[in-house]
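Undergrad: Quick one: structure below, then a few questions.
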Amino acid sequence: MVPFEEHLILVGDDATVLDEAQRMLARIGYDRLQGRMVAEPGAFAGHELERTIRIVNFDGLTLVGSDERTILDVRDTWEYETGHHRDALHIPFHDLPERIGEVPRGRPVWVYCATGARATIAASFLVRSGHEVVLIDDFCLPGDVPGEDRVPAGV
1 MVPFEEHLIL VGDDATVLDE AQRMLARIGY DRLQGRMVAE PGAFAGHELE RTIRIVNFDG
61 LTLVGSDERT ILDVRDTWEY ETGHHRDALH IPFHDLPERI GEVPRGRPVW VYCATGARAT
121 IAASFLVRSG HEVVLIDDFC LPGDVPGEDR VPAGV
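Residue numbers for the sequence shown follow our numbering, so the first one is 1 and each next one is one higher.
Here it is as structure tokens:
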């Protein structure tokens with residue numbers, strides 16, 4: 001994750017999307033935007049991406065056995081306590097940099113939050129930390145319990 005005091009530069013192919021990205025970043029504390037650049041799709045063609053992140057919805061959890069993945073719930077504690085996947089390791093998004101050592105290595109980490117925003121940032125941080133990551137870009141609002149193995153609130 002990028003420290004909040006760092007300056008950011010946004011790059012994209014649509015000014016409207018960049019406006020929304022800037023608003024979303026400001027909402028979570030990233031308000032030191034250094035600049036932005038709108039570029040045509042393919043403007044950076046020929047440059048290799050360092051890594052890619054597979055994106056699935058909660059239905060994807062059934063495709064891989066529980067011994068072949070780690071599920072990471074990065075929602076706040078109060079959200080987690082309203083219901084969570086039975087196999088989920090819970091590390092709130094804001095604690096992930098300090099608790100990265102708790103995330104097992106050697107198998108993919110499937111990461112989720114309530115709407116996908118925190119999970120997306122957490123996924124990027126996990127990739128930079130050397131983990132193989134699958135982003136669950138789906139909704140898991142308070143009271144929702146994702147996947148087949150459900151643990152309702154209070155359990």
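Glycine included, each C-beta is placed from N, C-alpha and C at the ideal position.
So, with DSSP's three-state summary, where would you put Tyr-112?
TA: DSSP places Tyr-112 in strand when its eight states are reduced to three.
Undergrad: Can the beta-carbon of Val-134 be found less than 7 Å from the beta-carbon of Val-56?
TA: Taking 7 Å as the Cβ cut-off, Val-134 and Val-56 qualify as a contacting pair.
Undergrad: Determine which residues share a DSSP beta bridge with Met-37 and list them.
TA: The partner list for Met-37 (beta bridge, DSSP) reads Val-11.
Undergrad: Please go through the same chain and pick out, in chain order, the residues whose beta-carbon is closer than 8 Å to the beta-carbon of Glu-68, but skip the five residues on each side of it.
TA: Within the same chain, Glu-68 has close Cβ partners Arg-107, Pro-108.
Undergrad: What separation, rounded to the nearest whole angstrom, lies between the Cα atoms of Thr-16 and Arg-36?
TA: The straight-line gap from Cα to Cα measures roughly 12 Å.
Undergrad: Based on the DSSP secondary-structure assignment, which residues constitute the bridge partners of Ala-88?
TA: Note: Ala-88 sits in a beta bridge opposite Ile-71.
Undergrad: Below 7 Å between beta carbons: does that hold for Asp-59 and Ile-71?
TA: No, the pair does not count as a contact, with Cβ atoms beyond the cut-off.
Undergrad: Which same chain residues end up closer than 7 Å to Ala-39 when comparing Cβ atoms and leaving out the 5 residues on each side of it in sequence?
TA: Closer than 7 Å at the Cβ level, and outside the excluded window around Ala-39, lie Val-11, Asp-13.
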